[in-house]
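The sequence shown runs contiguously to residue 370 in our numbering.
All residues carry an ideal CB built from backbone N, CA and C; glycine is no exception.
Keep in mind the model is a prediction, meaning the values are calculated, not measured.
Take a look at the structure below.
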Amino acid sequence: VQTHQVGVGRVVPWLLPGRGAVATQSLSNVSFGPMALTMLREGIPAPKIIDALVASDPGHERRQVAVVDREGRAAAYTGAGCIRYASHHVGEGYSVQANMMTRDTVVPAMAQAFESAEGDLAERMVAALRAAQAEDGDIRGMQSAALVVVPNDVKGPEWATDYDLRVDESDNPVEELARLVTIRTAQIMNSRGYIALETGDMDKALSLWKQARAKAPFMEEMAYWQAVTLADKPAEVQKAAEILRPVLANEERRDHWLDLLDRLEEVKLIERAGAAQELRAALA
């Protein structure tokens, strides 16, 4: 979501892992969020949730709301009293909606971009936001943006998120949000590498870590912790140095990062005695 108000992320998106998502927009009725989540938790289909929300609100003509349920059913409502241009498009497993748009081409552009974009769900949503802005988006301009993706796991904790990103105030919130999505996507790749390592698949771990570093090469700490993890294994110290060396080559806090190796060994986060010294020697 993107709008010309501060902190849109606290108002519009509401999600429950494995159950569904809600967006409450226009002159937002924020209570639609928790009300819809309660109904999603009970397994009520998205179209019936929309009907119930609209029926509950005397000011529904000023509202815009969309719901996607756990079966992938999507439904949306745009009140007749929403500020022109306002509309929505419901596709297979998704809805895009907008109000107060400069032109009526915004929503079709969002739908087309979402359906044709490559990448994961977060990257496709960014593509839709960019497409909206390419059509001049909100008639007032841009100020804040947010993006939330939750796991499709009804048995997991309700607080779990894959992406929970906000740009509360910016001249270009969509592009800043896109940058954050890139960082978070790299973090997810990185985490999958650790999972692969725990299952004994070193080759897969190294491949995922390499992809993560390529996705966000400016995230020096990600490479640092990869190297720290490998340094605990005597046979992988050289690989650890290979990963860490280019990161520290021009790093003004190089000495600090190297000092941290000793501190990690002191508290057994590097478990193997002497591993910190071996890694420093390999970096020399």
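Report back the beta-carbon spacing between residue i and residue j to the nearest angstrom; my notes put them in contact at under 8 Å.
{"i": "residue 347", "j": "residue 366", "result": "6 Å"}
{"i": "residue 174", "j": "residue 198", "result": "About 14 Å; that fails the 8 Å criterion."}
{"i": "residue 121", "j": "residue 139", "result": "6 Å"}
{"i": "residue 172", "j": "residue 112", "result": "7 Å"}
{"i": "residue 218", "j": "residue 186", "result": "Wrong, their Cβ atoms sit about 12 Å apart, outside the cutoff."}
{"i": "residue 153", "j": "residue 132", "result": "4 Å"}
{"i": "residue 206", "j": "residue 271", "result": "7 Å"}
{"i": "residue 267", "j": "residue 215", "result": "Not a contact, Cβ separation roughly 10 Å."}
{"i": "residue 330", "j": "residue 300", "result": "Contact doesn't hold; Cβ gap of about 16 Å is too wide."}
What number of angstroms, rounded off, separates the C-alpha of residue i from the C-alpha of residue j?
{"i": "residue 188", "j": "residue 147", "result": "20 Å"}
{"i": "residue 356", "j": "residue 280", "result": "15 Å"}
{"i": "residue 256", "j": "residue 227", "result": "11 Å"}
{"i": "residue 212", "j": "residue 260", "result": "8 Å"}
{"i": "residue 337", "j": "residue 314", "result": "17 Å"}
{"i": "residue 222", "j": "residue 312", "result": "42 Å"}
{"i": "residue 141", "j": "residue 282", "result": "49 Å"}
{"i": "residue 204", "j": "residue 359", "result": "46 Å"}
{"i": "residue 98", "j": "residue 264", "result": "18 Å"}
{"i": "residue 326", "j": "residue 316", "result": "5 Å"}
{"i": "residue 248", "j": "residue 239", "result": "11 Å"}
{"i": "residue 163", "j": "residue 269", "result": "33 Å"}
{"i": "residue 183", "j": "residue 168", "result": "12 Å"}
{"i": "residue 287", "j": "residue 298", "result": "17 Å"}
{"i": "residue 344", "j": "residue 296", "result": "22 Å"}
{"i": "residue 114", "j": "residue 95", "result": "12 Å"}
{"i": "residue 127", "j": "residue 166", "result": "29 Å"}
{"i": "residue 158", "j": "residue 192", "result": "23 Å"}
{"i": "residue 250", "j": "residue 302", "result": "18 Å"}
{"i": "residue 363", "j": "residue 108", "result": "52 Å"}
{"i": "residue 235", "j": "residue 274", "result": "12 Å"}
{"i": "residue 176", "j": "residue 291", "result": "39 Å"}
{"i": "residue 306", "j": "residue 123", "result": "38 Å"}
Say the cut is 8 Å; is the CB of residue i nearer than that to a heavy atom of the ligand SAH?
{"i": "residue 138", "result": "Looking at this structure, you won't find the ligand SAH or any other ligand, since it has none at all."}
Let me confirm a value: residue i is counted as buried when at least 16 other C-beta atoms fall within 10 Å, else exposed. Which label applies?
{"i": "residue 277", "result": "exposed"}
{"i": "residue 304", "result": "exposed"}
{"i": "residue 244", "result": "exposed"}
{"i": "residue 351", "result": "buried"}
{"i": "residue 136", "result": "buried"}
{"i": "residue 145", "result": "exposed"}
{"i": "residue 242", "result": "exposed"}
{"i": "residue 92", "result": "exposed"}
{"i": "residue 320", "result": "exposed"}
{"i": "residue 105", "result": "buried"}
{"i": "residue 332", "result": "exposed"}
{"i": "residue 89", "result": "buried"}
{"i": "residue 385", "result": "The chain is shown from 87 up to 370; residue 385 falls before or after that span and cannot be answered."}
{"i": "residue 335", "result": "exposed"}
{"i": "residue 181", "result": "buried"}
{"i": "residue 252", "result": "buried"}
{"i": "residue 224", "result": "buried"}
{"i": "residue 161", "result": "buried"}
By DSSP's criteria, residue i is part of a beta bridge. Which residues make up the other side?
{"i": "residue 110", "result": "151"}
{"i": "residue 230", "result": "89"}
{"i": "residue 99", "result": "109"}
{"i": "residue 224", "result": "187"}
{"i": "residue 235", "result": "249"}
Segments of 3+ residues assigned as beta strand (DSSP E) that fall wholly inside the segment 151-208: 160-164, 173-177 and 180-184
Which runs of the alpha helix (DSSP H) fall wholly inside the segment 237-316 and span at least 4 residues, in chain order? 259-284 and 288-301
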